[in-house]
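**Q** Under our numbering, read the sequence shown as residues 26 to 290, first letter to last.
What follows is a single structure, and I will ask about it in a moment.
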Amino acid sequence: MPRAPNRFLARLPALAPRVLNDVAAADRRGRWRPAARAGAPVARRPLVVELGCADAAVLRAAAVARPDHTFVGIDWGPEALCAAADGASGDVTFIHGRGQALRRYFADGEVDELWIFHPEPCDRPRQRRNRLLSPTLLLDAHAVLTPGAGRLTLKTDHPGYYGWALGLLGMPPPPWFAAARAGQPVPAHVSRLRADELLAPDDVAPVVPEVAARFAVGCQSTDFWADPVAQAHVAGRGFAGRRTAYEEHHARRHRPIYLLELRAR
Numbered sequence: 026m027p028r029a030p031n032r033f034l035a036r037l038p039a040l041a042p043r044v045l046n047d048v049a050a051a052d053r054r055g056r057w058r059p060a061a062r063a064g065a066p067v068a069r070r071p072l073v074v075e076l077g078c079a080d081a082a083v084l085r086a087a088a089v090a091r092p093d094h095t096f097v098g099i100d101w102g103p104e105a106l107c108a109a110a111d112g113a114s115g116d117v118t119f120i121h122g123r124g125q126a127l128r129r130y131f132a133d134g135e136v137d138e139l140w141i142f143h144p145e146p147c148d149r150p151r152q153r154r155n156r157l158l159s160p161t162l163l164l165d166a167h168a169v170l171t172p173g174a175g176r177l178t179l180k181t182d183h184p185g186y187y188g189w190a191l192g193l194l195g196m197p198p199p200p201w202f203a204a205a206r207a208g209q210p211v212p213a214h215v216s217r218l219r220a221d222e223l224l225a226p227d228d229v230a231p232v233v234p235e236v237a238a239r240f241a242v243g244c245q246s247t248d249f250w251a252d253p254v255a256q257a258h259v260a261g262r263g264f265a266g267r268r269t270a271y272e273e274h275h276a277r278r279h280r281p282i283y284l285l286e287l288r289a290r
């Protein structure tokens, strides 16, 4: 019996130009900011892109609060994009596409910030090759980010994913990860840690020299919402002070949110 049409997918064309398909988004490559009028210069509007934006609660709120920025959210789920577009205002556009197509949608050096918030952990060994945060994506991210100033921010509740990201850059995991994996006590200041999600030493991503050479670490935190240094570092950014419903859930259960910010060299 044929599958019924996806009603959310059928809605997407009517949501244009707030929601763009892959072809329309590629046509905007290099032209996401307002063009100059009659030869007059236009002040550079920071361009912020969220990969895997889901319902884009944080992105939509940031677009209202920061009318001097341009925001773009990318997601493959039509239901999530319909929810994101409904009621959205400000300079925010959504792309029905995949985060791995960054260089198809954006020109080199065009993006000021990339957000990757709570990507699918893909924590089974055979799933890890499908992780959004991969050497290929990081190299593509470096290409589209503003040289010397563009930033990529990862937030995840998954300690194994955080350790994976550190490994790609040749950085060691927090020392208490090994203690938790071995069932030993961890420091009193460490929030609840799900040891079963930690990677075994042999499963940590090997350093990728090309990636490590292109990024500097701007900030890292193993408990973002309880870390005043990290909070001060991101002050003024579009996501500062804004928790997703997902993060609220984890906060109530005393589970930390891990943050890693990379700056394009």
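Yeah, the Cβ is synthetic: ideal placement off N, Cα and C, and Gly gets one too.
As the structure is a computational prediction, the values presented were derived from the model and not from experiment.
1) By the DSSP assignment, the beta strand (DSSP E) with W140 in it spans what residues?
2) Mapping DSSP to helix, strand and coil, what is D252?
3) Could you tell me whether the Cβ atoms of V232 and G195 are closer together than 7 Å?
4) For R280, which residues of its own chain have a beta-carbon under 8 Å away from its beta-carbon, when the five flanking residues on both sides are left out?
5) Tell me which residues share the same chain as W101 and place their Cβ nearer than 6 Å to its Cβ, disregarding the 5 neighbours each side in the sequence.
6) Any chance the region 124-136 sits against the region 155-175, with 3 or more Cβ pairs inside 8 Å?
7) Applying the 10 Å Cβ sphere with the 16-neighbour rule, what's the burial state of V89?
8) Identify, in the order they occur along the chain, each residue of the same chain with its Cβ nearer than 6 Å to the Cβ of P144, setting aside the five sequence neighbours on each side.
9) Quick check: the Cα distance between L45 and L139, rounded to an integer number of angstroms?
10) Would you mind working out which of R85, A35, N31, L285 sits nearest A190, comparing C-alpha positions?
11) So V89 is in the alpha helix (DSSP H); what residue range does that whole segment cover?
12) My parser needs the alpha helix (DSSP H) runs of 4 or more residues fully inside the region 165-212; what are they?
13) Please name the residue in A105, R129, D116 whose C-alpha comes closest to that of A51.
14) Hey, R85 and A109 are a contact pair by Cβ (cut 8 Å); roughly how many whole angstroms apart?
15) Leaving aside the five residues before and after F142 along the sequence, list all residues of the same chain whose C-beta is less than 6 Å from its C-beta, in chain order.
16) If I follow the unbroken beta strand (DSSP E) through H275, where does it start and stop?
17) Taking the continuous beta strand (DSSP E) assigned at F240, which residues delimit it?
18) When the Cα atoms are used, what is the spatial distance from R267 to A230?
**A** Judging by the given coordinates:
1) The residue you call residue 140 lines up with position 115 of the sequence shown. From DSSP, the beta strand (DSSP E) with W140 extends over 138-142.
2) Stepping through the sequence shown from its first residue, residue 252 is reached at position 227. Shown here, D252 sits in coil according to DSSP, grouped into three states, outside any helix or strand.
3) Position 207 of the sequence shown, counted from the start, is the residue given in the question as residue 232. Position 170 of the sequence shown, counted from the start, is the residue given in the question as residue 195. One thing to note: V232 has its Cβ within 7 Å of the Cβ of G195.
4) Reading the sequence shown from its first residue, position 255 is the one you call residue 280. In the same chain as R280, and ignoring 5 residues on each side of it, the C-beta atoms closer than 8 Å to its own belong to D182, S216, R217, R219, in chain order.
5) As a position in the sequence shown, residue 101 is number 76, starting the count at 1. So the list reads R123, once near-sequence residues are dropped.
6) With the cut-off at 8 Å, the region 124-136 and the region 155-175 touch.
7) Start at 1 with the first residue of the sequence shown, and residue 89 comes out as number 64. So V89 ends up on the exposed side.
8) For this step, residue 144 is matched to residue 119 along the sequence shown. If we look at P144 and ignore the five residues flanking it on each side, its Cβ neighbours are G77, L157.
9) Position 20 of the sequence shown, counted from the start, is the residue given in the question as residue 45. Position 114 of the sequence shown, counted from the start, is the residue given in the question as residue 139. Whole-angstrom Cα-Cα distance: 19 Å.
10) Taking the sequence shown and counting its residues from 1, the one referred to as residue 190 is at position 165. Selection R85, A35, N31, L285 evaluated against A190 yields L285 as nearest (Cα-Cα).
11) As a position in the sequence shown, residue 89 is number 64, starting the count at 1. Per DSSP, the unbroken alpha helix (DSSP H) holding V89 starts and ends at 82-90.
12) Inside the region 165-212, DSSP marks whole alpha helix (DSSP H) runs of 4 or more residues at positions 184-193, 200-206, from first to last along the chain.
13) Reading the sequence shown from its first residue, position 26 is the one you call residue 51. Residue R129 is the option with its Cα nearest to A51.
14) Here residue 85 is taken as the residue at index 60 of the sequence shown, counted from 1. Here residue 109 is taken as the residue at index 84 of the sequence shown, counted from 1. 7 Å between Cβ atoms; contact.
15) Against the sequence shown, residue 142 aligns to sequence position 117. Within the same chain, and ignoring the five residues on either side of F142 in sequence, the residues whose Cβ sits closer than 6 Å to its Cβ are K180.
16) Your numbering for residue 275 matches position 250 in the sequence shown. Where H275 is concerned, there is no enclosing beta strand (DSSP E), although the alpha helix (DSSP H) around it starts and stops at 270-277.
17) As a position in the sequence shown, residue 240 is number 215, starting the count at 1. Residues 240-246.
18) Here residue 267 is taken as the residue at index 242 of the sequence shown, counted from 1. Here residue 230 is taken as the residue at index 205 of the sequence shown, counted from 1. Computed Cα separation, rounded: 30 Å.
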